[in-house]
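Protein chains in written order, with the working numbering: chain S, 218 to 653; chain U, 218 to 653.
Note that the Cβ used here is the ideal one computed from N, Cα and C, for glycine as well.
2 protein chains.
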Amino acid sequence: MRRRIPMSTVVAETTPQADQPARTTLREGAFGHARALACRECGHEVALGPHYACPECFGPLEVAYDFPAVTREEVEAGPANIWRYKALLPVPTDIEQSPNTEPGYTRLLKAHNLGRELGIANLWVKDDSTNPTNSFKDRVVACALSAARELHAKVFACPSTGNLANAVAAAGARAGIKTVVFIPSNLEKPKQVNSAVYTNNLVAVEGNYDDVNKLASEIAGEEEGWAFVNVNVRPFYAEGSKTLGYEIAEQLGWRLPDQIVIPVASGSQLTKVDKAFQELIKLGLVEDKPYKVFGAQATGCSPVSVAYKDGVDVIRPVKPDTIAKSLAIGNPADGIYVLDICRRTGGAVEDISDDEVRDGILLLARTEGIFTETAGGTTVGVLKKLVETGQLDPELETVVINTGMGLKTLDAVADHVGAAATIAPNYPAFVAAGIL
Amino acid sequence: MRRRIPMSTVVAETTPQADQPARTTLREGAFGHARALACRECGHEVALGPHYACPECFGPLEVAYDFPAVTREEVEAGPANIWRYKALLPVPTDIEQSPNTEPGYTRLLKAHNLGRELGIANLWVKDDSTNPTNSFKDRVVACALSAARELHAKVFACPSTGNLANAVAAAGARAGIKTVVFIPSNLEKPKQVNSAVYTNNLVAVEGNYDDVNKLASEIAGEEEGWAFVNVNVRPFYAEGSKTLGYEIAEQLGWRLPDQIVIPVASGSQLTKVDKAFQELIKLGLVEDKPYKVFGAQATGCSPVSVAYKDGVDVIRPVKPDTIAKSLAIGNPADGIYVLDICRRTGGAVEDISDDEVRDGILLLARTEGIFTETAGGTTVGVLKKLVETGQLDPELETVVINTGMGLKTLDAVADHVGAAATIAPNYPAFVAAGIL
């Protein structure tokens with residue numbers, strides 16, 4: 218039953234006629250309640266498949282659904298991972314039966330201490346650092362893995378410098394599908410190890426991340442049966458971020474927050490959390506109410522924040538220069554949609570310096586016991602700045618998303634913390650040191 | 218209402234009479250359904266308090282309960298963390314209201330690939346690496362924190378070289394209680410950073426772990442109001458490991474496994490998982506059935522395994538020399554109880570070399586996408602050896618516990634994995650490299 222499917226970049230042989238050969242190889246319900254891939258720009262719909270660009274206007278394709286009725290009780294009876302929302306994702310109804318990393322349903326912590334520190338009355342941290350490979354990427358990769366499986370892909374791959382590589386290599390190992398992970402050859406050894414433990418096929422590419430990315434697109438176009446999670450199965454992959462929005466609403470007691478602060482790299486996560494909130498409203502799972510969405514960037518890579526502040530609709534690409542490397546996308550694909558959403562909801566996009574990123578990491582660790590990576594430091598630091606500049610209302614219920622964990626970017630803070638004292642191993646020495 | 222309570226090592230002023238002053242400062246239900254601290258050796262009971270050694274025979278004190286009736290439905294209606302079992306822990310009924318790290322309810326993964334590799338028909342991995350600070354220590358520390366709070370402790374402290382330090386510093390930060398963490402001064406910088414991000418009071422002690430430990434006991438005896446999690450509130454702390462056993466049974470569908478493999482450092486975790494299984498049987502939450510418990514050690518620190526193989530009841534302390542540092546306790550406090558349990562249930566204690574520990578890490582990563590630390594490598598490697606030597610029945614349902622995560626012991630595998638190829642950033646170079 219397995220056959221090789223060309224993972225083409227645009228739709229060619231698989232236009233949405235029912236008698237297409239590529240369609241017939243898909244099993245019934247392979248993508249759950251997903252109906253088609255719809256262009257975000259022109260609305261043109263194409264058949265579900267390994268496509269990411271609209272054949273009409275080259276706009277980005279997004280999964281469109283015919284949702285069934287879904288009740289809170291059905292969701293609550295599901296497993297403690299993202300598959301509790303499987304009816305709202307492009308995955309088959311038996312998704313739990315296929316080996317996957319079972320990510321999600323991470324902690325939503327009431328942040329009493331951080332809230333007090335920042336003067337925010339009602340603050341929550343959604344902590345995605347406790348996912349299987351310690352970042353939100355496990356969510357999107359789990360959805361991409363399901364698509365790769367249903368499309369009979371033979372290779373599961375990505376270009377990445379960090380979190381995504383970990384998530385792809387781990388998920389592929391568990392699923393028993395061959396993985397190939399492409400990284401810049403100058404990547405630090407620890408980051409290489411963190412992917413190489415899972416896969417024999419870590420490929421170092423002489424060049425920067427843009428070069429690696431370009432190579433991945435080239436391979437996706439040339440080779441058959443390769444599923445590049447963030448290239449040719451990107452529409453399915455991106456849907457995984459919706460689960461962050463679903464979980465926040467459910468964990469608040471089926472209620473949307475008033476304000477939410479989200480880091481912006483490609484911008485995909487922010488747009489998908491907004492999509493999730495809109496879907497929950499349409500499905501009647503939460504009450505319709507206004508909410509404000511805020512985007513967070515590091516100043517060293519802040520093309521969306523710059524456009525927001527300039528009041529323009531065009532993102533001017535930049536060459537990243539920041540310690541927040543997991544946010545360092547100079548030409549963010551979904552940047553314009555981030556602008557749309559933040560403006561439409563009355564939110565904002567803001568950016569902070571690398572020193573403020575570091576301060577954000579330590580602030581979150583000292584107040585809530587969460588050790589985040591530079592992306593989380595950025596989001597917490599931006600939250601602080603948003604309050605100080607009056608852009609965020611400290612009286613409204615606010616959620617901030619932490620997307621990753623500090624052990625992956627240890628260097629960012631290594632020279633800024635350490636032992637308070639070094640003492641001889643006896644009680645008088647301890648007393649003399651004056652600890653506390 | 219706060220008062221300083223001497224955190225004494227043995228019971229003096231707080232014998233179990235109802236009119237004792239120390240008792241009256243405890244609020245009603247401070248320790249849930251816990252009745253007393255009972256000596257594991259002689260059964261003597263003393264009042265609940267900051268004590269860990271029996272005043273009669275100096276045996277270890279353990280929490281004893283008068284359990285209420287508990288139903289599966291009540292547990293299932295609880296939160297997705299250890300507090301779903303709060304009725305079975307020495308914590309108040311409103312424990313969720315007090316800021317804590319909300320650990321537990323981690324993944325139980327069906328290990329198809331690892332099972333196939335080892336020839337085990339029905340294998341599961343309980344993965345505790347996704348806890349808030351990435352080890353099972355978050356469970357025990359959460360219970361110790363509750364005890365410290367109820368006892369009005371002013372300082373939350375521990376001696377540690379790694380996982381415990383992270384868990385204590387993080388939990389203390391979130392709870393807003395002062396933490397002091399003692400480490401050997403020669404500890405690697407990354408491990409220091411991983412605790413120092415959370416606390417200002419990281420104290421480096423000139424000496425080895427035994428020296429640090431001794432200093433902690435000295436301070437616990439001299440200072441008032443210090444709760445050392447693994448010293449004077451150890452009985453409460455240790456109960457947290459029971460939740461691993463509860464979760465495994467619940468996640469299997471309220472059923473005990475036939476065999477379980479658990480790493481042995483002090484031996485506490487293994488004894489508490491057995492205690493959890495026994496409690497579930499007594500409470501009627503699972504069917505009574507035989508199960509075998511297996512202990513895993515690294516050969517470089519295998520005093521319990523040596524005693525098991527020698528058929529003796531006495532643990533001969535050793536000087537640890539292994540890469541599995543989180544298991545490197547040369548004189549394990551609960552070693553004799555581990556021997557008891559493994560012999561009584563028909564299990565065994567086994568040990569493996571450091572090379573086999575490394576192989577175990579990579580085996581788990583390659584088969585199930587879980588990057589474990591050296592302790593997990595030890596457990597997986599021992600599982601393999603138990604099958605090969607015929608000590609574990611490959612036809613029976615088996616659970617193996619992973620207690621921590623690989624980023625904390627990266628050095629163990631850093632020189633053993635890496636890029637498969639380094640290529641120029643173009644398609645012909647990729648083809649020429651012959652990947653796959």
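Can you say whether S/Glu290 is buried or exposed, counting buried as having 16 or more other CB atoms within 10 angstroms of its CB?
exposed
Would U/Asn330 pass as an interface residue toward chain S - the criterion being a Cβ-Cβ separation below 8 Å?
yes
S/Ala565: first and last residue of the uninterrupted beta strand (DSSP E) it sits in
Unbroken beta strand (DSSP E) run through S/Ala565: Ala565 to Ile569.
Is U/Lys536 helix, strand or coil by DSSP?
coil
Does the distance from the C-beta atom of U/Pro480 to that of U/Ala455 stay below 8 Å?
no
Check S/Leu404 in the structure and name its three-state DSSP category.
coil
Check whether chain U comes within 8 Å of S/Val597, counting only Cβ atoms and requiring the distance to be less than that.
no
Is there at least one Cβ from chain U nearer than 8 Å to S/Asp491's Cβ?
With a threshold of 8 Å between beta carbons, S/Asp491 makes no contact with chain U.
So with Cβ pairs under 8 Å, would you call S/Phe353 a contact of chain U?
no
Same chain, Cβ closer than 6 Å to U/Pro277, neighbours up to 5 away in sequence not counted:
Arg257
Whether U/Gln495 touches U/Ala565 by CB criterion (8 Å):
Not closer than 8 Å, so no.
CA-CA distance, U/Ala270 and U/Arg451?
10 Å
Between the Cα of U/Trp443 and the Cα atoms of U/Ser483, U/Ala364, U/Pro507 and U/Asn351, which residue gives the shortest distance?
U/Ala364
Residue closest to S/Leu579, alpha-carbon to alpha-carbon, out of S/Tyr554, S/Met622 and S/Glu614:
If we check each option's Cα against that of S/Leu579, S/Met622 comes out closest.
Could you name the residues that DSSP lists as bridge partners for U/Thr606?
In DSSP, U/Thr606 forms no bridge with anything.
Of the residues S/Val630, S/Lys536, S/Asp551 and S/Glu590, which one's Cα is nearest the Cα of S/Asn425?
S/Lys536
Within the chosen definition, does the region 298-310 of chain U reach the region 318-330 of chain U through at least 3 CB pairs nearer than 8 Å?
yes
Starting from S/Ser543, follow its DSSP beta bridges and name the residues at the other end.
S/Ser543 pairs with nothing; no bridge assigned.
Can you look up U/Pro238 in the DSSP assignment and give me helix, strand or coil?
Any reading at U/Pro238 needs caution, since the residue's pLDDT is 38, under 50, leaving its predicted position unreliable; the model's value is listed next. Of the three classes helix, strand and coil, the one that applies to U/Pro238 here is helix, per DSSP.
In chain order, what residues of the same chain lie with their CB nearer than 8 Å to the CB of U/Pro611, ignoring the 5 residues before and after it?
Leu335, Gly336, Ile337, Ala338 and Val604
What did DSSP end up calling S/Leu432 once you bin it into helix, strand or coil?
helix
Quick check on the burial criterion: 16 or more other C-beta atoms within 10 angstroms. Buried or exposed for S/Thr589?
Buried: at least 16 other Cβ atoms inside 10 Å.
Starting from U/Glu496, find everything on chain S with Cβ-Cβ shorter than 7 Å and list it in chain order.
Those do not exist, as U/Glu496 stays about 23 Å from chain S at its closest Cβ, beyond 7 Å.
Among U/Leu473, U/Val420 and U/Gln468, which residue has its Cα nearest to the Cα of U/Glu293?
U/Gln468
Alpha-carbon spacing of S/Ile618 relative to S/Asp355, whole angstroms
15 Å
Run through chain S and tell me which residues come within less than 9 Å of U/Gly424, C-beta to C-beta.
Ala641 and Pro642
Give the residues of chain U in contact with S/Tyr322, contact being defined as C-beta atoms less than 8 Å apart.
Ala297
Pairing CB atoms from the region 248-257 of chain S with CB atoms from the region 302-313 of chain S, are three or more of them under 8 Å?
Contact holds between the region 248-257 of chain S and the region 302-313 of chain S, because three or more Cβ pairs, one in each stretch, are under 8 Å apart.
Beta carbons nearer than 7 Å to chain S: which residues of the region 387-413 of chain U have them?
Ala387, Ala388, Ala390, Arg391, Gly393, Lys395, Val397, Ser402, Lys406, Pro407, Gln409, Val410, Asn411 and Ala413
Per DSSP, which residues does S/Ile477 bridge with? Please list them.
S/Val510 and S/Val616
Short of 9 Å Cβ to Cβ, which residues in the region 337-353 of chain U face chain S?
Under the 9 Å Cβ criterion, the region 337-353 of chain U contributes Asp344, Ser346, Thr347, Asn348, Pro349, Thr350 and Asn351.
Can you give me the C-alpha to C-alpha distance between U/Gly438 and S/Asn643, rounded to a whole angstrom?
Straight-line spacing of the CA atoms in U/Gly438 and S/Asn643 works out to 13 Å.
Please compile the residues from chain U whose C-beta is within a distance smaller than 9 Å of the C-beta of S/Asn447.
Scanning chain U for C-beta atoms nearer than 9 Å to the C-beta of S/Asn447 yields nothing, as the closest lies near 17 Å away.
Could you give the distance in angstroms between the alpha-carbon of U/Ala255 and the alpha-carbon of U/Leu265?
9 Å
Mind listing the chain S neighbours of U/Glu467? Cutoff is C-beta to C-beta under 8 Å, in chain order.
Near U/Glu467 there are no residues of chain S at all, since even the closest Cβ is about 11 Å away, more than 8 Å.
Put S/Ser352 into one of helix, strand or coil per three-state DSSP.
S/Ser352: strand per DSSP, three-state reduction.
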